[in-house]
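Visitor: Before I ask anything, here is the structure I am working with.
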Amino acid sequence: MATTTAKPAAIADGVTKAVLTHDDRRALLRYMLLMRATEERALTLYRQGKVPGSYYDGRGQEAISVGSAFALGPRDRTCILHRDLGAHLIRGVRPGRVLAQMMGRAGGVTGGRDGNMHFGDKELGAVGMVSMLPDMALVTCGLALAFQMRKEPRVAMTWFGEGSTANGQWHEAMNVAGVKKLPAVFILENNQFAYSTPNEREFAVDVVERARGYGFPGVKVDGNDVEAVFYAAAEACERARRGEGSTLIEAETMRMHGHGAHDDMRYVPKELFEVWEKRDPVDRYEKKLSDDSIDIEAIRASVKEEIEKETEWALEQPMPDPATAREGVFATSDPVMGDGNAPWSHWKQEAGNA
Amino acid sequence: MPELTYLQAISDGLREEMRADETVFCLGEDIGAFGGAFKVTDGFIEEFGADRVWDTPLAENAIIGAAVGAAVEGLRPVCEMQFADFISCGFDQLVNVAAKMHYRQGLAVPMVVRLPSGGGFSGGPFHSQNPEAWFLQSPGLKVVAPSTAQDAKGLLSAAIRDPNPVVYLEHKHLYRRVKGDVPEGRYEVPLGKARVAREGTDLSVIAYGAMVGVALEATEDLEGASVEVIDLRSLVPLDRDAILASVRKTSKVVVLHEATRSCGVGAEVCALIAEEAFEDLDGPVVRVTAPDTPIPFSPPLERAVLPQLDDVKEACRELLAY
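Those protein sequence lines, which keep their order, are chains A and B. To get my numbering, take the position in the first sequence, counting from 1, and add 7. To get my numbering, take the position in the second sequence, counting from 1, and add 6.
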């Protein structure tokens, strides 16, 4: 029940078996680069007037969604936030469908029914977010409840900003997760600002300390260190699978773009950007892998090639047919969710052993 | 066929669905050891266990939000709001998460939210409401309101088996007052189908829930007039054909509900008639509803607000004489 504030749980507990191979580490970098490239391209499309509404991204937070989602097994389920494109990419959403989604095209994940990052591919085990935060934390509890009731060793993972922790539904979710010992992993992305409101106006305690109040561990990690996030998430997933309940992981980071593309961030002290720019998660990991003699240029080149192809595909997608606007309000058959990709080498070994 | 109360019929329907389908489970406040505030789930925890009869913390958004997650993962949750009024505390999960899920993502959410609703027992402003109109403005939700024991069971079964979120309004005043022969075993009363509660030719009263009984009693002996009573049963989908067929037959319509007046179900029914059956009318469409006030506590005040037998009689007499 101790709340660690210095090291990831994985290291603190010393019980994790999580191991990252060199291929895993290449994959981690590739997903971070792919997230950044997709979002940079989406921002360009926004500036070209091809993205209706506003535009939201997770610049500077790539290590969090990539590191945490990388720990997930195929049958785990996700409720992914709008700063966490990396999680969608890991689970198998191709960038072209994301770009088409942003542009309101028929080929987007929701076919134009919803915009920007408001999507979840049910075929890949994701339940898409709504704008009301943190509603999906409760849906995550429900997913975890289903696993628990059926005695399945599966995990539900969700992401939310520190701003969400001020909302009553967050408290309801944490309380239910604690009372029921649900196999849920809650990733709290502390990106310093809830839109324009800084931490000191959001809560009167160190936010990770709140976990203790709900009866499960809270872990603080460097949210710009993809491996640290991964190890913490892997340990939290393992705990959940062992039936030991939920974990709150606070990943400290900085939102390097505005809340949306319309936000000039006038409320952020300039020095803060300078400090966090030096901690950029992608730069840091590139350096780390280069130091370990991993060819990062090859990874960069393959991401660049992929994003060009995907953009081309997205731009070819037609707009949705207005005649279909009234369709699908009601379901006519029961829900069917598919499984997500699980690129961590651990899952390939599991499948091999099965 | 055994005679059951409306409450026993709800209980029976839920029990039968839980026995037949292990994915069906219920969750709500005090529904386990206590059997629910109104005893709908009395004995359930003993038969089905605490996993499938979950006594939740006092957190309505948690009840509905957790149900959404469980539903998309293949379970069929049946939520109980202790009183319909408390749905306001779970409103967000219902109207934003559950209702829009299929339209946005093609992901069905098969779940039921039971709402013990209605007044007439000095419940006051927070234990007497009829909040159905809130949900008519939330595309993606189905809404039902049975008036008989037989429909209470059959509509609940249909709601549980439906792949959409269904708001099930069970009127508290009917719980132990209404009795009827209820078939044993599982059966469905289809969602979206109204019922002719009594055939008639001179005037139609269109009602649902507790007001169906009031309509029948008020028009039983109205100076020999032949009054048809339509029980809507489902508010979403609304059985437009049944409404219009009755209007075309009688040409005079009283729309009756216990909920408040403005933008209520009655307003929608009136608008439908005005748009689709104007030429068939032989008098103005009349609404009998609660006024736009909260439901007061003290008996004389509450009686003054909720539609009474005499209000219905008077409205019918005036319209018959038009």
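All C-beta atoms, glycine included, are put in the ideal place defined by N, C-alpha and C.
#1: Please confirm if L150(A) has its CB atom under 8 Å from at least one CB of chain B.
#2: Around the Cβ of Y292(A), are there at least 16 other Cβ atoms within 10 angstroms (buried) or fewer (exposed)?
#3: Identify the contact partners of S184(B) in chain A, using a Cβ-Cβ distance below 9 Å as the criterion.
#4: If you follow the alpha helix (DSSP H) that H166(B) is part of, which residue opens it and which one closes it?
#5: Within 8 Å of any Cβ in chain B, is that where the Cβ of A17(A) sits?
#6: Which residues of the segment 164-178 of chain B have a Cβ closer than 8 Å to any Cβ of chain A? Give them in chain order.
#7: Using a C-beta to C-beta distance shorter than 7 Å, which residues of chain B count as neighbours of L121(A)?
#8: Looking only at DSSP bridge pairs, what is E196(A) linked to?
#9: If you drop the 5 nearest sequence neighbours on each side, which residues of the same chain put their C-beta closer than 6 Å to that of F154(A)?
#10: Just mark A9(A) as buried or exposed, buried being the case when its beta carbon has 16 or more other beta carbons within 10 Å.
#11: Which of the three DSSP states, helix, strand or coil, is assigned to K311(A)?
#12: So, at 8 Å on beta carbons, what are the nonlocal neighbours of V310(A) in its own chain, with the 5 sequence-adjacent residues on each side left out?
#13: Quick check: what's the CA-CA separation for E52(B) versus L20(B)?
#14: I'd like to know whether the C-beta of D290(A) is nearer than 8 Å to at least one C-beta of chain B.
#15: For T147(A), count the other beta carbons within 10 Å of its own beta carbon; 16 or more makes it buried, fewer makes it exposed. Which is it?
#16: I'd like to know whether the C-beta of T172(A) is nearer than 8 Å to at least one C-beta of chain B.
#17: Near G160(B), what residues of its chain come up, given a Cβ to Cβ distance below 6 Å and the 5 sequence neighbours on each side ignored?
#18: In chain B, which residues lie less than 7 Å from A338(A) when you measure between Cβ atoms?
#19: If you check the beta carbons only, do L209(B) and A224(B) fall under 8 Å apart?
#20: On the DSSP bridge list, what partners appear for M117(B)?
#21: For the beta strand (DSSP E) containing S61(A), name the first residue and the last one.
#22: Determine contact between the segment 152-166 of chain B and the segment 315-329 of chain A, defined as no fewer than three beta-carbon pairs at a distance below 8 Å.
#23: Pick out whichever of R66(A), E334(A), V58(A) has its Cα sitting closest to the Cα of R286(A).
#24: Given that a residue counts as buried once 16 or more other Cβ atoms are within 10 Å of its Cβ, and exposed if not, what is D298(A)?
#25: With a cut-off of 8 Å, do at least 3 Cβ pairs link the segment 241-261 of chain B to the segment 137-144 of chain B?
#26: Considering only residues of the same chain and omitting the five flanking positions on each side of H108(B), which have a CB-CB separation below 6 Å?
#27: Out of A90(B), H179(B), S268(B), D247(B), which one is the CA nearest neighbour of T295(B)?
#28: Does the beta carbon of K140(A) come closer than 8 Å to any beta carbon on chain B?
#29: Mind checking which residues open and close the beta strand (DSSP E) that includes E52(B)?
#30: So, at 7 Å on beta carbons, what are the nonlocal neighbours of R248(A) in its own chain, with the 5 sequence-adjacent residues on each side left out?
#31: For V103(B), would you say it is in contact with chain A, using Cβ-to-Cβ distances shorter than 8 Å as the test?
#32: Select from the segment 147-160 of chain B all residues with a C-beta closer than 8 Å to any C-beta belonging to chain A, and list them in chain order.
#33: Of all the options K294(A), G347(A), T165(A), which has the alpha carbon lying nearest to the alpha carbon of L255(A)?
#34: Hey, how far is the Cα of A49(A) from the Cα of Q111(B)?
#35: I want to see whether chain A comes within less than 8 Å of V74(B), judged by CB atoms only; does it?
#36: Since P171(B) contacts S340(A) with CB under 8 Å, what's their CB separation in whole angstroms?
Guide: With the structure as the only source:
#1: Your numbering for residue 150(A) matches position 143 in the first sequence. The C-beta of L150(A) comes closer than 8 Å to at least one C-beta of chain B.
#2: Here residue 292(A) refers to the residue found at position 285 of the first sequence. Y292(A) should be labelled buried.
#3: Counting from 1 along the second sequence, the entry for residue 184(B) is found at position 178. First, the residue type needs correcting, since residue 184(B) is Val and not Ser in the sequence shown. Those do not exist, as V184(B) stays about 30 Å from chain A at its closest Cβ, beyond 9 Å.
#4: Sequence index remark: in the second sequence, residue 166(B) carries index 160 (1-based). As written in the sequence, residue 166(B) is Ile, which differs from the His given in the question. Where I166(B) is concerned, the enclosing alpha helix (DSSP H) stretches over 155-167.
#5: Indexing the first sequence from 1 puts residue 17(A) at position 10. Unreliable placement is indicated for A17(A), whose pLDDT of 41 sits below 50; the coordinate value is still reported in the next sentence. A17(A) does not count as touching chain B.
#6: P169, N170
#7: Reading the first sequence from its first residue, position 114 is the one you call residue 121(A). Sequence inspection shows Asp at residue 121(A); the Leu mentioned does not correspond to that position. Near D121(A) (Cβ distances below 7 Å), the residues of chain B are R110.
#8: Here residue 196(A) refers to the residue found at position 189 of the first sequence. E196(A) pairs with G168(A), A258(A).
#9: As a working mapping, residue 154(A) is identified with position 147 in the first sequence. Same-chain partners within the cutoff: R161, P190.
#10: Position 2 of the first sequence, counted from the start, is the residue given in the question as residue 9(A). Note on A9(A): pLDDT 42, under 50, position unreliable in the model; no value is reported.
#11: Numbered from its first residue, the first sequence carries residue 311(A) at position 304. It is helical.
#12: Counting from one through the first sequence, the residue named residue 310(A) turns up at place 303. Counting only Cβ-Cβ distances below 8 Å, and skipping sequence neighbours, we find R37, L40, L41, A44.
#13: Indexing the second sequence from 1 puts residue 52(B) at position 46. Indexing the second sequence from 1 puts residue 20(B) at position 14. Those two C-alpha atoms are separated by around 15 Å.
#14: Locating residue 290(A) in the first sequence gives position 283, where the first residue counts as 1. False, the Cβ-Cβ gap to chain B never drops below 8 Å.
#15: If you number the first sequence from 1, residue 147(A) lands on position 140. Buried.
#16: Position 165 of the first sequence, counted from the first residue, corresponds to residue 172(A). So no, T172(A) is outside the interface.
#17: Translated into positions along the second sequence, residue 160(B) becomes position 154. The answer, listed in chain order, is Y193, E194, V195.
#18: Sequence index remark: in the first sequence, residue 338(A) carries index 331 (1-based). Those within 7 Å of A338(A) in chain B are H108, A114, P169, N170.
#19: Position 203 of the second sequence, counting from 1, holds the residue named residue 209(B). Position 218 of the second sequence, counting from 1, holds the residue named residue 224(B). Using a Cβ distance threshold of 8 Å, L209(B) and A224(B) do not count as a contacting pair.
#20: Within the second sequence, numbered from 1, the residue matching residue 117(B) stands at position 111. P171(B), per the DSSP bridge assignment.
#21: The residue you call residue 61(A) lines up with position 54 of the first sequence. Where S61(A) is concerned, there is no enclosing beta strand (DSSP E), given that its DSSP letter is neither H nor E.
#22: no
#23: As a first step, residue 286(A) is located in the first sequence; it is residue number 279 there, counting from the start. Considering only alpha carbons, the answer is R66(A).
#24: Translated into the one-based positions of the first sequence, residue 298(A) becomes position 291. Exposed, by the Cβ-count rule.
#25: yes
#26: One-based indexing of the second sequence puts residue 108(B) at position 102. Excluding sequence neighbours, H108(B) sits near A114.
#27: Counting from one through the second sequence, the residue named residue 295(B) turns up at place 289. Cα-wise, what sits closest to T295(B) is S268(B).
#28: Within the first sequence, the letter at position 133 stands for residue 140(A). Checking the displayed sequence, the identity of residue 140(A) turns out to be Leu instead of Lys. Not closer than 8 Å to any Cβ of chain B, the Cβ of L140(A) fails to qualify, so no.
#29: Position 46 of the second sequence, counted from the start, is the residue given in the question as residue 52(B). Element bounds for E52(B): not the beta strand (DSSP E) but the alpha helix (DSSP H), 50-54.
#30: Taking the first sequence and counting its residues from 1, the one referred to as residue 248(A) is at position 241. Around R248(A), the same chain offers P160, V162, P190 as residues with beta carbons nearer than 7 Å, after the five sequence neighbours per side are excluded.
#31: Position 97 of the second sequence, counting from 1, holds the residue named residue 103(B). For V103(B), the answer is yes, since a Cβ of chain A falls inside 8 Å of its Cβ.
#32: Here the close residues are K148.
#33: By one-based count along the first sequence, residue 255(A) stands at place 248. Residue T165(A) is the option with its Cα nearest to L255(A).
#34: What you label residue 49(A) is simply residue 42 of the first sequence in a count that begins at 1. What you label residue 111(B) is simply residue 105 of the second sequence in a count that begins at 1. Computed Cα separation, rounded: 21 Å.
#35: As a working mapping, residue 74(B) is identified with position 68 in the second sequence. V74(B) counts as touching chain A.
#36: Stepping through the second sequence from its first residue, residue 171(B) is reached at position 165. Stepping through the first sequence from its first residue, residue 340(A) is reached at position 333. The pair is not a contact, with the Cβ atoms about 15 Å apart (cut-off 8 Å).
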